[in-house]
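Participant:
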Amino acid sequence: MTLNYKKIGQGEPLIILHGLFGSADNWMSIAKELENDFTIYLVDQRNHGESPKSDEWTYKAMAEDLAGFLTSQGLEAVNLMGHSMGGKTAMNFALKYPGKVKKLIIADIAPRYYDPHHQSILEGLNAIDLENLSSRKEAEDTLSKYISEKGIRQFLLKNLGRNEESKFTWKVNLPVITEKIENVGEALQGNQTFENPTLFMRGANSDYIQDQDKADLEKFFPDYKLISIKNAGHWLHAEQPAAVVATIKAFLK
């Protein structure tokens, strides 16, 4: 699968993977703060952004997509960062292809299993009648019945695009994500380890990485550090961008 991506900057390669319902654009503001030090590849994962849609949606498939992306770009080894779902993809990739990853950064996700917890989002997105939708405001009005936080609604509606006939369409593969949402919570499998330096960044106000997860972090990533970003939740890069940029730079340098 040929993944869509955006490339900026100069220096050592750094690949950044977005989370569920996200896209490469989510990390552009962070990338611009790093472009003097790194060549940054912002990648749309399958079924997201401008990358192809597929009925297959697993971390194994997304890790293989990333392996193909490195080959297509002539990249032998990279620094790799992923947020949430992208972090799980990055972990799976590093465990299978440890020689291709110099340093690994995981943003607010642990190796363990997560129960499905996106049901209200999926219900809201599926309630939007694309065939008869006349405006983005109408879409947000429908979504507001399911999701009270305006910022989350605006983030989700970045996935609303138009096709060649100017009709509204989803950039994400909503039917497949709805059907296979349990896949996104899957735990890391096997006994492989990634021995290179690994940084886990967690939002201090988020419960995605808990202290009891440290045993799993050490099991799979023995050379790991865990840093909490103050005054940040799960969307730490949007809530505390300066702290996230400083943490990334310090770790990679």
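Residue numbers (UniProt numbering): 1 to 253. Even glycine gets a Cβ: it sits at the ideal position worked out from N, Cα and C. Small disclaimer: the values here were computed from a predicted structure and weren't measured.
1. Spatial neighbours of residue 76 within its chain, please: C-beta separation below 8 Å, excluding the five flanking residues on both sides.
2. Taking contact to mean at least 3 C-beta pairs separated by less than 8 Å, is the stretch 95-112 in contact with the stretch 137-154?
3. Considering only C-alpha positions, which residue in the set 137, 185 and 106 is nearest to residue 247?
4. Go through the stretch 72-105 residue by residue and report every complete run of the alpha helix (DSSP H) that reaches 4 residues or more, in order.
5. With a cut-off of 8 Å on the beta carbons, I'd call residue 111 and residue 188 a contact; round off their distance for me.
6. Which residues share a DSSP beta bridge with residue 107?
7. Keeping to the same chain, check which residues put their C-beta closer than 8 Å to that of residue 251; ignore five residues upstream and five downstream.
8. Tell me which same chain residues have a C-beta within less than 6 Å of the C-beta of residue 237, skipping the five on either side of it?
9. In the DSSP assignment, find the unbroken beta strand (DSSP E) run with residue 125 in it and report its ends.
10. With respect to the beta strand (DSSP E) encompassing residue 13, which residues constitute its N-terminal and C-terminal limits?
11. What would DSSP say about residue 29, mapped onto helix, strand or coil?
12. When DSSP labels each residue in this structure, what does residue 38 get in the three-state scheme?
13. For residue 41, count the other beta carbons within 10 Å of its own beta carbon; 16 or more makes it buried, fewer makes it exposed. Which is it?
14. Do you know how far the Cα of residue 63 is from the Cα of residue 173?
Facilitator: According to the structure data:
1. By 1-based counting over the sequence shown, the position of residue 76 is 76. Cβ neighbours of residue 76 beyond the five flanking positions: 70 and 100.
2. No: the two stretches stay apart, fewer than three of their Cβ pairs being nearer than 8 Å.
3. Along the sequence shown, one-based indexing puts residue 247 at 247. Looking at the Cα atoms, 106 is the closest of the given residues.
4. As summarised for the stretch 72-105, the continuous alpha helix (DSSP H) elements at least 4 residues long and confined to that stretch are 85-96, given in chain order.
5. Position 111 of the sequence shown, counting from 1, holds the residue named residue 111. Position 188 of the sequence shown, counting from 1, holds the residue named residue 188. In this structure, residue 111 and residue 188 form a Cβ contact; the two beta carbons are roughly 4 Å apart against a cut-off of 8 Å.
6. For the purposes of this step, residue 107 is taken as residue 107 along the sequence shown, with counting starting at 1. Answer is 83 and 201, bridged to residue 107.
7. Here residue 251 corresponds to residue number 251 of the sequence shown, with the count starting at 1. In the same chain as residue 251, and ignoring 5 residues on each side of it, the C-beta atoms closer than 8 Å to its own belong to 103, 105, 197, 199 and 225, in chain order.
8. Here residue 237 refers to the residue found at position 237 when the sequence shown is read from its first residue. So the list reads 30 and 244, once near-sequence residues are dropped.
9. In the sequence shown, the residue the question calls residue 125 occupies position 125. From DSSP, residue 125 is part of no beta strand (DSSP E) but of the alpha helix (DSSP H) over 119-127.
10. Numbered from 1 along the sequence shown, position 13 holds the residue referred to as residue 13. Taken as a continuous stretch (DSSP letters only), the beta strand (DSSP E) holding residue 13 covers 12-17.
11. Here residue 29 refers to the residue found at position 29 when the sequence shown is read from its first residue. Three-state result, residue 29: helix.
12. Reading the sequence shown from its first residue, position 38 is the one you call residue 38. If DSSP states are grouped into helix, strand and coil, residue 38 belongs with the strands.
13. Indexing the sequence shown from 1 puts residue 41 at position 41. For residue 41, the number of other beta carbons within 10 angstroms of its own is at least 16, and it is reported as buried.
14. Residue numbering aside, residue 173 sits at position 173 when the sequence shown is read from its first letter. Residue numbering aside, residue 63 sits at position 63 when the sequence shown is read from its first letter. Near 18 Å, if we compare the C-alpha coordinates of residue 63 and residue 173.
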